[in-house]
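Note that the sequence shown ends on residue 393 in full-length UniProt numbering; no numbers are left out.
Take a look at the structure below.
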Amino acid sequence: MAEQTSKAGTAPAGGRSAQLERSGLRHGWTTGACATAAATAAYTALLSAEFPDPVTIELPKGQRPAFALAGEELTADRAMAAVVKDAGDDPDVTHGAVVRATVRLLPPGSGVVFRAGPGVGTVTRPGLPLAVGEPAINPVPRQMMRDHIASVAARLGGTGDAEVEIAVDHGEEIARSTWNRRLGILGGLSILGTTGIVVPYSCSAWIDSIRRGVDVARAAGRRHVAGCTGSTSEKVAVAVHGLPQDALLDMGDFAGAVLKYLRRHPVDRLTVAGGFAKLSKLAAGHLDLHSSRSQVDKGFLAELARRGGADDELVAAVAAANTGLETVQLCAARGVPLGDLVAVAARETALGVLRGAPVAVDVICIDRAGSVVGRAAARGPREPSPDALSDSV
């Protein structure tokens, strides 16, 4: 499970801190950090009758941020503290969400027990780092809360045994904008984060969701998955192969993330489905398909067209075309299967990244309307390349 993010853009990897410093983008805090701050404040209030405000916590890498409380309640048997999540300048759908921790004391020896309150999901499928039936509070935030409760207990004379219920206001509604349902997390959001810090436009959330999607598919016994660049290509993959929802990976621009994870955690077959322009980038060897980091190479497409039988006039027209889609339309009108040629080249790039992992790959290229404009039949790591197919759905 990964921090819930929107599908806005991403920034180049490498030198991230320097980039953020130059750009002025602010770091933010994960839901796990917010839950830890709220739980720490609530447990402190149970032992001392006072809420620390702001409450300071220590993150896994040693940073010590302070969080202002947005709400507090104290009764004889429980304490509730709330923190508003600040995701900084990252396009995180949980930015501004109110994360609440309600803490109750338990008998000595009980340890720390976690509960899902309103707006926090429950795990319903295997393959995630939590058992089925557990609240969707990830291992690192759980450990952070345990550590802080133990620290407060040592300082104030408590036993460190507590029930911690985490809730997120409107969390079930917010979760509709995340991948949680597809991953089998129902009823709300996940409480996440490994460092406690949200790095703006870091790509890590999306990539981690891809990995968890592979894990869930494998745990469900799926041997055929599809990495899709968007919702239209997902529909095509379902129409062509009849794949269930838990076999669909929201690849977006991160083709490399899908391929590298499947290299270590293989399934029998991968379908790569996406728009012609994006998959032409994969065909040319790019693994990050975002427009800010890779461009459609018309010269590459012109050379593919030449190999497919295009004459000099058509080759020149492809090289001068306005868009990637125009190139495939120009070639289709002259009987040159550029879409299939791109699909075959994209499949070979994918197989190269898989490095012999036992995964057969087929590719489907579509236009904006969802019509198939190119296909490459499934090929495994040691199979000869079959002819591309150009039949449509």
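Even for Gly, the Cβ is constructed at its ideal location relative to N, Cα and C.
Extent of the continuous alpha helix (DSSP H) run through residue i
i	result
H148	139 to 156
R263	255 to 264
I57	Per DSSP, I57 belongs to no alpha helix (DSSP H) and is neither H nor E.
G285	Run containing G285: none; DSSP gives neither H nor E here.
A239	231 to 241
E172	171 to 175
R182	180 to 183
Integer Cβ distance of residue i from residue j, believed to fall under 8 angstroms
i	j	result
V240	A350	Not really, about 17 angstroms apart at Cβ, beyond 8 angstroms.
E173	R115	That pair is no contact at about 20 angstroms.
A360	R379	6 angstroms
residue 410	T102	In the structure as shown, the chain starts at 1 and stops at 393, and residue 410 therefore has no counterpart that could be examined.
V318	A302	4 angstroms
A68	P54	5 angstroms
E72	A45	7 angstroms
D161	G109	7 angstroms
V152	Y43	5 angstroms
A70	A82	5 angstroms
Residues near residue i in its chain [Cβ-Cβ closer than 7 angstroms; skip 5 each side]
i	result
P342	First, the residue type needs correcting, since residue 342 is Val and not Pro in the sequence shown. Same-chain partners within the cutoff: F276, L279, S280, A283, L304, C365, G374.
G121	A136, A175, N180, I185, L186, G187, G188, L189, S190
V236	A273, I364, I366, G370, V372, V393
A321	K298, T327, L330
K85	W29, T31, C34, T94, H95, G96, A97, V99
P126	V132, A219
G119	A167, V168, D169, H170, G171, E172, G188, L189
K61	T195
R104	D77, R78, A162, E163
P384	none
P107	D161
V198	E3, H27, G28, W29, T30, A87, G88, D90, D92
S294	K281, H286, D288
A256	A quick correction: the sequence has Gly, not Ala, at residue 256. Contacts found: L287, D288, V353.
Outcome for residue i when other beta-carbon atoms lying within 10 angstroms are tallied against a minimum of 16
i	result
R212	buried
V132	exposed
T10	Below a pLDDT of 50, predicted positions are generally treated as unreliable, and T10, at 29, falls in that range; no measurement from the model is reported.
G309	exposed
V113	exposed
R355	exposed
L156	exposed
G242	exposed
D312	exposed
R223	exposed
G339	buried
R142	buried
S233	buried
T229	buried
T323	exposed
A39	buried
R307	exposed
R368	exposed
P244	exposed
E21	In this prediction, E21 scores a pLDDT of 41, lower than 50, which makes its location untrustworthy; the coordinate-derived value is nonetheless stated afterwards. Answer is exposed; the Cβ neighbour count stays below 16.
A49	exposed
Spatial neighbours of residue i in its chain, beta-carbon cut-off 8 angstroms, leaving aside the 5 residues before and after
i	result
V214	V225, L249, V258, Y261, L262, H265, V267
L314	A305, L330, C331, R334, V336
Continuous beta strand (DSSP E) stretch holding residue i: start and end
i	result
I210	Where I210 is concerned, there is no enclosing beta strand (DSSP E), although the alpha helix (DSSP H) it sits in stretches over 204 to 219.
T102	98 to 105
F114	112 to 116
residue 394	Since the first residue shown for the chain is 1 and the last is 393, residue 394 is missing from the structure and cannot be characterised.
H224	224 to 228
R375	372 to 379
L249	248 to 250
S131	The displayed chain sequence assigns Ala, not Ser, to residue 131. Run containing A131: none; DSSP gives neither H nor E here.
I166	162 to 168
Chain-order list of residues whose beta-carbon lies under 6 angstroms from that of residue i (same chain, five-residue window excluded)
i	result
P358	P266
L183	R212, V216
R64	T56, E58
L389	Confidence at L389 is low in this model, with a pLDDT of 44, below 50, so the placement of that residue should be treated as unreliable; the coordinate-derived value is given next. If we look at L389 and ignore the five residues flanking it on each side, its Cβ neighbours are R375, A377.
G158	L47
L74	A45
G227	L249, M251, V258, V272
V353	L259
A66	P54, T56
M144	T36
CB contact below 8 angstroms: residue i versus chain D
i	result
G187	Here there is only one protein chain, and chain D is not present.
Residue i CB to nearest heavy atom of the ligand ADP below 7 angstroms
i	result
V372	Questions concerning the ligand ADP fall outside what the structure shown contains, since it holds no ligand whatsoever.
(message) Quick check for students: name the residue ranges of the alpha helix (DSSP H) that lie wholly in the region 305 to 367, counting only runs of 4 or more.
(response) 312 to 319, 324 to 333, 338 to 354
(message) Quick check for students: name the residue ranges of the beta strand (DSSP E) that lie wholly in the region 49 to 86, counting only runs of 3 or more.
(response) 71 to 74, 79 to 84
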